[in-house]
Ligand SMILES: [Fe+2]
Ligand SMILES: [Fe+2]
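So, in structure tokens, the structure goes:
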């Protein structure tokens with residue numbers, strides 16, 4: 076299904092796709108808006124491949140980075156006021172915009188579909204028990220057409236063949252990259268690694 080041919084049913088959100096795009100455009104830079112459309116495209120291809128609802132996947136993809144350009148101060152306030160894991164405060168935007176984004180879209184768009192909210196919440200570090208919508212958004216974020224890093228084509232072909240292998244590849248590469256930078260690793264990212272990468 077081509078994104079522009081999608082007609083939302085109002086099962087998940089009270090807006091048309093066009094209205095949703097206008098709201099998103101107001102909070103994202105041009106570059107990130109383009110990224111978000113790329114994630115939607117990649118996610119719709121995976122949805123078709125794995126037999127998942129294209130409307131649900133489109134909404135999750137378009138909103139996955141909704142919080143990304145909020146200030147650190149706004150995000151910190153929300154982590155505290157929403158009783159999120161306070162360990163988050165030792166990290167930054169790259170981790171926060173997932174959980175904060177899930178709360179923002181629930182509040183601003185009255186989205187209550189758990190798969191959509193979890194896909195947004197977990198796209199930054201994954202989760203051991205990701206359902207198929209979460210898996211698709213996590214991986215689509217990594218392989219969307221605007222990505223050009225070394226290894227992205229490998230990730231794309233794995234994603235097409237077997238989504239579990241695609242996720243394992245993306246998770247391992249991301250973790251290695253962070254370790255090479257001596258970055259602090261959010262524990263949930265290790266849980267994702269243990270669940271999806273370690274051979275059983
Ligand atoms: Fe993101
Ligand atoms: Fe993203």
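In the working numbering, the protein residues as written are 76 to 275.
C-beta: ideal position from N, C-alpha, C; glycine also.
Answer yes or no: do residue i and residue j have a C-beta to C-beta separation smaller than 7 Å?
i           : j           : result
residue 215 : residue 195 : no
residue 226 : residue 267 : no
residue 136 : residue 212 : yes
residue 198 : residue 139 : yes
residue 272 : residue 243 : yes
residue 181 : residue 163 : no
residue 141 : residue 261 : no
residue 150 : residue 111 : no
residue 88  : residue 154 : no
residue 119 : residue 78  : yes
residue 241 : residue 233 : yes
residue 81  : residue 92  : yes
residue 129 : residue 76  : yes
Closest to residue i by CA distance: which of the options is it?
i           : options            : result
residue 148 : 120, 172, 138      : 172
residue 189 : 206, 183, 175      : 206
residue 220 : 121, 94, 204       : 121
residue 184 : 94, 210, 81        : 94
residue 245 : 217, 132, 224      : 217
residue 114 : 125, 170, 132      : 132
residue 210 : 96, 270, 90        : 270
residue 101 : 257, 143, 161, 169 : 143
Please report how far the alpha carbon of residue i lies from the alpha carbon of residue j, in whole angstroms.
i           : j           : result
residue 264 : residue 239 : 16 Å
residue 228 : residue 107 : 21 Å
residue 84  : residue 254 : 43 Å
residue 152 : residue 99  : 22 Å
residue 275 : residue 247 : 15 Å
residue 222 : residue 236 : 19 Å
residue 127 : residue 105 : 29 Å
residue 187 : residue 156 : 19 Å
residue 160 : residue 168 : 15 Å
With a floor of 4 residues, list each alpha helix (DSSP H) that falls wholly inside the region 79-118, ordered by position along the chain. 92-102
Minimum length 4: unbroken alpha helix (DSSP H) runs contained in the region 105-193: 105-125, 129-138, 147-156, 168-184
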